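The letter at position 77 of the sequence shown is residue 61 when you use this note's numbering, and the numbering goes up by one with no holes. Worksheet: the structure to be examined is printed underneath.
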Amino acid sequence: TVESVLADGHRENRVELYEAVMNDPDRPAKVRFPRDLDGVEAAVDRVAADPPIAPALLDDDDGDRFDDAFAHLRHKHGSYWRWVRPVFDGATPAAANARIEFRPLPGQPTVPDAAALVATVAGLLRGLVATDHPVATLPWERARDDFYAAAREGLGADLAWVTADGTETTDTDALYADLFAVAAEGLDAAGVDGADRHLDRLRARVEARRSPAGWKRDRLRAHAADGAPLPRAVTAAARDYLDAQRGTLLEGSFADWPAP
């Protein structure tokens, strides 16, 4: 039935499905929420110690890039599938860098929404560092549990947050108010034009308690309530999604979609 499918499904199915497909139940999980890192050296050690699943490189060609000197590490890194992971790169010594790849960001129904999500996350990360934000004191276990809860329940998840004044809260409004404020600080510090436009697109979702995944789930329920069997209801809900997307793909946003 539709309700059993919705009960089993997550708002962000990619997290559950990718882990189920890629992880061997008899070996340590390759795809998982990562432990904290203290620096670049620890990141290198983490990748080097990760159990390999791909054959070692056999090509003896040294290459002419700087990062060819650690080609085996880069090769092994290709199967280091944490949701947040370090990346090492650099064609020359001057260009060499270690950076963070933030992989959980979900696809969005429109181009403006995709830009808004990336801008908000980038602003948040910059703002958290710039303000020495106390959310870093949130226990790792709670952060891990909240990551999976958010993927499962979306905006309905019970999440924990530490606000700028050091108060730990599970109040959704307080959480997002602080989160957006920090993201705004980060975007302002980066000199991003139109920051409010990006943030407002996501604020609208929080205020309405409605996400693209939730919208599609509501349309699925509506078609089932009208008597459509599961296969037809799924097809009709997908068609509704595409119809709404068609008018907002390049201009407008999910916030402009009609209520489901």
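Don't be surprised by glycine CBs; every beta carbon is placed ideally from N, CA and C. If you're wondering where the values come from, they're calculated on a predicted model, not measured in any experiment.
- If you check the CB distance, Leu143 and Asp130 come in under 8 Å.
- Just so you know, the alpha carbons of His56 and Arg203 end up roughly 48 Å apart.
- Residue burial annotation: Ser237 is buried, with at least 16 other C-beta atoms found within 10 angstroms of its C-beta.
- Per DSSP, the beta bridge partners of Pro70 are Ile84.
- For Trp199, the enclosing alpha helix (DSSP H) starts and ends at 196 to 209.
- In the DSSP assignment, Lys60 falls within the unbroken alpha helix (DSSP H) covering 55 to 61.
- For Thr104, the number of other beta carbons within 10 angstroms of its own is at least 16, and it is reported as buried.
- Closest in C-alpha terms to Thr121, from the list Tyr160, Thr147, Ala133, comes Thr147.
- Across the structure, Ala173 and Pro39 are spaced so that their CA atoms are roughly 44 Å apart.
- For Arg16, the secondary structure class from DSSP, reduced to helix, strand or coil, is strand.
- Comparing alpha carbon positions, the residue from Thr151, Leu21, Gly74, Asp29 closest to Asp51 is Gly74.
- Taking 8 Å as the cut-off, the beta carbon of Ala217 is found closer than this to the beta carbon of Ala208.
- Per DSSP, reduced to three states, the secondary structure at Trp65 is coil, with no helix or strand assignment.
- A direct Cα-to-Cα measurement between Gly140 and Gly23 gives close to 34 Å.
- By a beta-carbon distance limit of 8 Å, Leu214 does not contact Val71. Their separation comes to about 41 Å.
- Fewer than three pairs of CB atoms, one per stretch, sit closer than 8 Å, so the stretch 224 to 236 makes no contact with the stretch 174 to 189.
- Note that the C-beta distance between Leu159 and Thr151 is not below 8 Å.
- By the Cβ neighbour-count rule, Asp224 is buried, with 16 or more other Cβ atoms within 10 Å of its own.
- Counting along the chain, the unbroken alpha helix (DSSP H) around Asp184 starts and ends at 179 to 192.
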